[in-house]
Amino acid sequence: MADILVYALAHEGQVNKNSKGAISEAARLAGELGGEAHAVLVGTDLTDELAQQAGAVGATKVFTINAPEGIAATAIDGIAALVEAKGYDWVLFGGGLLGFEIGAGLAARIGGGVTVEVTDIKVDGGKLVAERPIFGDTLLSHSNYKSKGVIVARTNAFEVKETGGTASVEAFDAPIGAAAGQVTLKVRGEARGADVNIEDASILVTGGRGLGTAENFSVADSLAAAFGGNSAVAATRAVVDAGWFPYAGQVGQTGKTVAPKLYVGLGVSGAIQHKVGMQSSENVLAINKDENAPIFEFADFGVIGDLHKIAPALTEAIKAKKG
Amino acid sequence: MKILVLVKEVPDAAVEKTIDPATGQIDRSGEKALNPYDTHALEAAVQIKENGADVSEIVAVTVGPDSASRTLQGAVSRGADRSIHLSDAGLAGSDVVATGYALAELIKRESPELVLLGQQSDDGGSYAVGSVVGEFLGQPALSQVVKLDLAGDVITAERQAEYGYDTVEVKLPAIISVGDAINEPRYPSLKAIMGAKKKPVEKLTLADAGIDAGKVGTAGSGVDCSDFQKPASKSGGTIITDEDTAATVEQIVAWLDERKLV
Amino acid sequence: MAATTNGHAPAEFPPPVDPINEFIAAPEAGEDEAIEVGVAIVGGGPAGLAAANRLLQLLADDEELMEQLGEVPVAVIEKAKSCGGHNLSGAVMKPGPLKELFPDEDLEALPAIRHVNEKDAVWWLLDENRGINLPGPTPPNFKNEGNYVTSISQLCRWMAEKAEEAGAYILTETAAAKLLVKDDAVAGVVTGDKGRGKEGQELGNFEPGMEVHARATVLAEGNWGHLTGAAIQRFNLSEGKEPPVWKLGAKEVWKTTEQWDKVVHFFGWPGRSNAKWHETGIGGWVYPYGENLVSIGIVVPLSTPDATVSAHDMLQTVKQHPKLKGILEGGERTAWGAKAIQGGGFWSQPKLSMPGAVLVGESGGMIDMASLKGVHMAIQSGIIAAEEIYASLKKGQKDMTSYEKAIADSDIVGKRLFQVRNNMQLVGGSSMPFNLAKAGLDIISKGKVPGGRKSNHRDAEVVQSIPKKPASDLYPKPDGKYTFDKLSSVFITGNMTRDDAPSHIRIEKNVAREVAETWKWMCPAGVYEIPEDAPETGNVDVIVNYTNCVQCGAITARGGRLTPPEGGDGPAYQVV
Numbered sequence: 234m235a236d237i238l239v240y241a242l243a244h245e246g247q248v249n250k251n252s253k254g255a256i257s258e259a260a261r262l263a264g265e266l267g268g269e270a271h272a273v274l275v276g277t278d279l280t281d282e283l284a285q286q287a288g289a290v291g292a293t294k295v296f297t298i299n300a301p302e303g304i305a306a307t308a309i310d311g312i313a314a315l316v317e318a319k320g321y322d323w324v325l326f327g328g329g330l331l332g333f334e335i336g337a338g339l340a341a342r343i344g345g346g347v348t349v350e351v352t353d354i355k356v357d358g359g360k361l362v363a364e365r366p367i368f369g370d371t372l373l374s375h376s377n378y379k380s381k382g383v384i385v386a387r388t389n390a391f392e393v394k395e396t397g398g399t400a401s402v403e404a405f406d407a408p409i410g411a412a413a414g415q416v417t418l419k420v421r422g423e424a425r426g427a428d429v430n431i432e433d434a435s436i437l438v439t440g441g442r443g444l445g446t447a448e449n450f451s452v453a454d455s456l457a458a459a460f461g462g463n464s465a466v467a468a469t470r471a472v473v474d475a476g477w478f479p480y481a482g483q484v485g486q487t488g489k490t491v492a493p494k495l496y497v498g499l500g501v502s503g504a505i506q507h508k509v510g511m512q513s514s515e516n517v518l519a520i521n522k523d524e525n526a527p528i529f530e531f532a533d534f535g536v537i538g539d540l541h542k543i544a545p546a547l548t549e550a551i552k553a554k555k556g
Numbered sequence: 024m025k026i027l028v029l030v031k032e033v034p035d036a037a038v039e040k041t042i043d044p045a046t047g048q049i050d051r052s053g054e055k056a057l058n059p060y061d062t063h064a065l066e067a068a069v070q071i072k073e074n075g076a077d078v079s080e081i082v083a084v085t086v087g088p089d090s091a092s093r094t095l096q097g098a099v100s101r102g103a104d105r106s107i108h109l110s111d112a113g114l115a116g117s118d119v120v121a122t123g124y125a126l127a128e129l130i131k132r133e134s135p136e137l138v139l140l141g142q143q144s145d146d147g148g149s150y151a152v153g154s155v156v157g158e159f160l161g162q163p164a165l166s167q168v169v170k171l172d173l174a175g176d177v178i179t180a181e182r183q184a185e186y187g188y189d190t191v192e193v194k195l196p197a198i199i200s201v202g203d204a205i206n207e208p209r210y211p212s213l214k215a216i217m218g219a220k221k222k223p224v225e226k227l228t229l230a231d232a233g234i235d236a237g238k239v240g241t242a243g244s245g246v247d248c249s250d251f252q253k254p255a256s257k258s259g260g261t262i263i264t265d266e267d268t269a270a271t272v273e274q275i276v277a278w279l280d281e282r283k284l285v
Numbered sequence: 073m074a075a076t077t078n079g080h081a082p083a084e085f086p087p088p089v090d091p092i093n094e095f096i097a098a099p100e101a102g103e104d105e106a107i108e109v110g111v112a113i114v115g116g117g118p119a120g121l122a123a124a125n126r127l128l129q130l131l132a133d134d135e136e137l138m139e140q141l142g143e144v145p146v147a148v149i150e151k152a153k154s155c156g157g158h159n160l161s162g163a164v165m166k167p168g169p170l171k172e173l174f175p176d177e178d179l180e181a182l183p184a185i186r187h188v189n190e191k192d193a194v195w196w197l198l199d200e201n202r203g204i205n206l207p208g209p210t211p212p213n214f215k216n217e218g219n220y221v222t223s224i225s226q227l228c229r230w231m232a233e234k235a236e237e238a239g240a241y242i243l244t245e246t247a248a249a250k251l252l253v254k255d256d257a258v259a260g261v262v263t264g265d266k267g268r269g270k271e272g273q274e275l276g277n278f279e280p281g282m283e284v285h286a287r288a289t290v291l292a293e294g295n296w297g298h299l300t301g302a303a304i305q306r307f308n309l310s311e312g313k314e315p316p317v318w319k320l321g322a323k324e325v326w327k328t329t330e331q332w333d334k335v336v337h338f339f340g341w342p343g344r345s346n347a348k349w350h351e352t353g354i355g356g357w358v359y360p361y362g363e364n365l366v367s368i369g370i371v372v373p374l375s376t377p378d379a380t381v382s383a384h385d386m387l388q389t390v391k392q393h394p395k396l397k398g399i400l401e402g403g404e405r406t407a408w409g410a411k412a413i414q415g416g417g418f419w420s421q422p423k424l425s426m427p428g429a430v431l432v433g434e435s436g437g438m439i440d441m442a443s444l445k446g447v448h449m450a451i452q453s454g455i456i457a458a459e460e461i462y463a464s465l466k467k468g469q470k471d472m473t474s475y476e477k478a479i480a481d482s483d484i485v486g487k488r489l490f491q492v493r494n495n496m497q498l499v500g501g502s503s504m505p506f507n508l509a510k511a512g513l514d515i516i517s518k519g520k521v522p523g524g525r526k527s528n529h530r531d532a533e534v535v536q537s538i539p540k541k542p543a544s545d546l547y548p549k550p551d552g553k554y555t556f557d558k559l560s561s562v563f564i565t566g567n568m569t570r571d572d573a574p575s576h577i578r579i580e581k582n583v584a585r586e587v588a589e590t591w592k593w594m595c596p597a598g599v600y601e602i603p604e605d606a607p608e609t610g611n612v613d614v615i616v617n618y619t620n621c622v623q624c625g626a627i628t629a630r631g632g633r634l635t636p637p638e639g640g641d642g643p644a645y646q647v648v
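Chains as they are written, first to last, in the working numbering: chain B, 234 to 556; chain H, 24 to 285; chain P, 73 to 648.
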């Protein structure tokens, strides 16, 4: 079947940006295959307005499955039933934790292959071929599917393309299995710590594990303050998990996606999970004492050295320059 | 309660990883290590036991070549009571679904209440095997868990998902893959390292384990990832080493200036 | 003396260390808390692993003794991540002892045996452009036909596998921190703690070291033996001996565009020939190292008075010489490493036994510096140690002096060390042509001419200064392709030393500038750093980046003291 199904994650009345990107990509690929992109929403408060958000980025048909959102086991049951009923060969997921969980389980259920962290998809011989960077992006691996399968994109891999189209919406009834009954989602999307706005900053100073302690965030604060204007401080997942910085200021796969004019990484190693959240930054400055840190592979300007020596000196130099 | 911990031997992080162009598979000739994420899964299992749960045994399970036995011993030294090692030439070329199927068959033989594993492996890094295993067992799978509490037969797990922290309750049996923020693994004691050599290890082939050879290996896999390419090299940035901080800062400011960022 | 009259010797600044009190302990743990083993071997290098393999061969035919030794008849304690991880050598090796140890193995098929040699050459590099092949037949000490060019780090991995198959416990990632002594006899070791923080505090994952009680202990720690040093002091093993002296070797492995097929030893440039620099002992090698691979290295004495002498940078320098550039250019560096070498020879050799323990291999100074070989001696001494320990265990005695006699009587070890006892001192004594003549005569006469006893000065006592024309003037600026800086070199060793581990390097940090400079230049891993704002003269406070350390041991020669890091830390050498 030439139609491609895309899982559209939705939360608080919004279809996830990564899902939208996957729908747009599916529309492009389905076009090449001679089919259409369809989307499936799983949730308990699915409105037509929500379904049309998927329609506006390329889905011609949207299925709604009335089941709790945020639990992989439930979504697998629902989507697998839909795939079987309609005969889809390909299911696409945008980046994010549920994408991995649902996508992998679904592939096992429908007897197809699965590739995660995909950054590029091509059509070859009537089939999809998924490209995935591995080993810290030093090598590209290509997944050739036998017949059908699941593709889970890397966060921010695919651009959202507004088509202004509308989709036909159809409710799909799916039986939910026993495994799903074992799971209860108690809290969804809890933001811990203070609310900080990092997405709108044009200069973002990001602190990583290399800062050493929570107190050392003052080094980042001072540098951001010296830049002044529209600057903010952000953090990597490692330091948020360590409790040094609020979750709202986390950049990366499970945090925010940012694209400031200047990104300054202080003691940030630049793991893939972080990189996907900041790789659209216009200019990347990195200071890290570990010359082996992956961030030096994509920094525009990298300094191998002690951030505790360099950052305060830089702060002073910028202050002096600004008078 | 029985806990199974799935572990994997991976190329040592210190060794440059390469793909053998002839076979399209990861060149596994270099130094090996226990997948670092799996050490967190083992530590989580031990902590569940130490925190008073009635854990009858912790079993380490691996799928890999014969040479992985040393790594498996290393896993046992971190707190397992025994281990199971599935090794068979027929497994070569297995994709994540086929590997998950084989693991699920091994798990069925043991019927544990809880299966733990690291959320990703250092080499394949697919975050996916836990979900596949859960699917084949008909049990729920939670991944990327960074906090875990057990009360009776219910686990309360926390993880960072798309919109912040999710708290999920799951009734056992279940599959939980853990992230590295969940705990700080202890070093195994020398006694435990030496003792691991004496702990029972069950070595199985596909036939021993009753695994359908047609569902694993290249033939049993739905996807073939043997086509590798070097990415187009992007023009690198300027990297300097800080020798004289005043001069370094001057260079940074000049770079910022050029781009009108100050 | 150096060109400037002012200067300071590292020995003026002794390190804060008290080996007897810190590194020797009495057993305290009861049987349940300690690990009881038959023979504890400290160090999984060629000597220690030869001893382990030979012991298990003997025990395989002696069920009674095997039984008596308990659950763990032989334990090898190795601080690196795997055996061979901290080993580095040239290494062109005489195959005899390895063949003796493994008579049924096809050694030449092992990956560790990189090349079986057919052709030799000796080059004298006269200056940065000119070099001559030493005319006439190759001197006997540089004849290497039929010898193996080996990767010592690979050979150790293989020997460890063999020992493990035979029943040894190979305890990698485990440092031997203290020597246990009871009733004036060695009774085992205490392993190092794991999980301590920068200040020595116990972290959440702290795991204390354990006492390993052994009936016999083999100290096979290599060039700088942490416990060997303590044992020498505790048991007075160096009485009447010359002080030990060291050299520092740096090595690279290159993938070349064409196959190189000659075992080459070179000397001369960039060492200066004037005797006052003590650089005439500088020499190096180029060896075939497998398909389109060569190993290249340089060995530099640690007794040079010019503070800027750096083995790593000398290696980068010598690669500029046309004779070497012709081999390497267009190729790619694939590995790097550095290691100090015991250069004292016969006169510096400590007494090789004490009650309950023996010294084997380089720990016992068993290196033939005249022909730049030690691996075969290490293996042979390990074999002999195993046989003598086996005999002692049979008799139930702690006395190990029979081992000393067996070594002295060995053609491969003791007799050879005696023959070349003066060679290195002759090479270093005067300017180059005279040295060559004297050293050559010494080799040809098998040590009879010129004869006598040559004395050593402690490396740490050599006064250091920066001359007007320092050696560093020659060092090329690293381009990251053909010539490399220290840090990018350390990086490719796979060094993964934990960032917040306590420092394992003992030095006096407040030292004369000249001494600080010496350490800074000497260290191949960039461990010692002088603060930017430090005064040009007088004392400075040295910064110690100990996480860079590749465990080469040079600091101990030059007035500090290396102790083992947390088990598993340090480099992870793969092929050097």
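For every residue, glycine included, the Cβ atom is placed at its ideal position computed from N, Cα and C. Because the structure is a prediction, the values reported are computed rather than measured.
Listed along chain P are LYS266, GLY267, ASN277, GLU279, each with a C-beta nearer than 7 Å to that of TYR210/H. SER367/P sits in a strand when the DSSP states are folded into three classes.
Of all C-beta pairs linking the region 442-449 of chain B to the region 461-478 of chain B, three or more are shorter than 8 Å, placing the two stretches in contact. Burial is judged here by how many other beta carbons sit within 10 angstroms of a residue's own beta carbon; PRO254/H has fewer than 16 and is exposed.
In the displayed model, ALA424/B falls within coil according to three-state DSSP, outside both helix and strand. Here ASN494/P is near ASP514/P, since their CB atoms are less than 8 Å apart.
Following the DSSP letters along the chain, one finds LYS411/P inside the beta strand (DSSP E) bounded by residues 404-414. Runs of the beta strand (DSSP E) lying entirely within the region 364-431 of chain B and spanning at least 3 residues, in chain order: 372-378, 382-386, 401-404, 416-423. For LYS411/P, same chain residues with a beta-carbon under 6 Å away, outside a window of 5 residues either side, are LEU160, GLY321, CYS624 in chain order. Taking all protein chains in view, the Cβ of ARG630/P is crowded by 16 or more other Cβ atoms within 10 Å, so the residue is classified as buried. At a beta-carbon threshold of 8 Å, the residues of chain H lying near GLY422/B are ALA184, GLU185, TYR186, GLY187, TYR188, ASP189, ordered along the chain. Bridge pairing for VAL119/H: absent [DSSP]. The C-beta of ARG282/H comes closer than 8 Å to at least one C-beta of chain B.
With a threshold of 16 other beta carbon atoms within 10 Å, PRO209/P falls short and is exposed. Looking at the DSSP output, GLN183/H sits in a beta bridge with TYR188/H. At least 8 Å separates the CB of LYS360/B from every CB of chain H.
Residue environment: GLY102/P is assigned as exposed (fewer than 16 neighbouring CB atoms within 10 Å of its CB, all protein chains considered). For the region 196-252 of chain H, the continuous beta strand (DSSP E) assignments of 3+ residues that do not extend past its boundaries occur at 197-201, 224-227, 246-252, in sequence order.
Under the DSSP assignment, TYR496/B falls in the beta strand (DSSP E) whose first and last residues are 495-499. Contact between GLY338/B and VAL155/H holds, since their C-beta atoms are separated by about 7 Å, short of 8 Å. Fewer than three Cβ pairs drawn from the region 229-240 of chain P and the region 373-386 of chain P lie within less than 8 Å of each other, which leaves the two stretches out of contact. In this model, THR268/H and LYS542/B are separated by some 7 Å (Cα to Cα).
Ranked by how close their Cα comes to the Cα of VAL272/H, the residues PHE531/B, GLU515/B, LYS508/B, GLU549/B have GLU549/B in first place. Under the three-pair Cβ rule at 8 Å, the region 258-276 of chain B counts as touching the region 234-248 of chain B. By the beta-carbon neighbour count (other beta carbons within 10 angstroms, threshold 16), ALA112/H is exposed.
Contact with chain P is absent for ASP203/H, since none of that chain's Cβ atoms lies less than 8 Å from the residue's Cβ.
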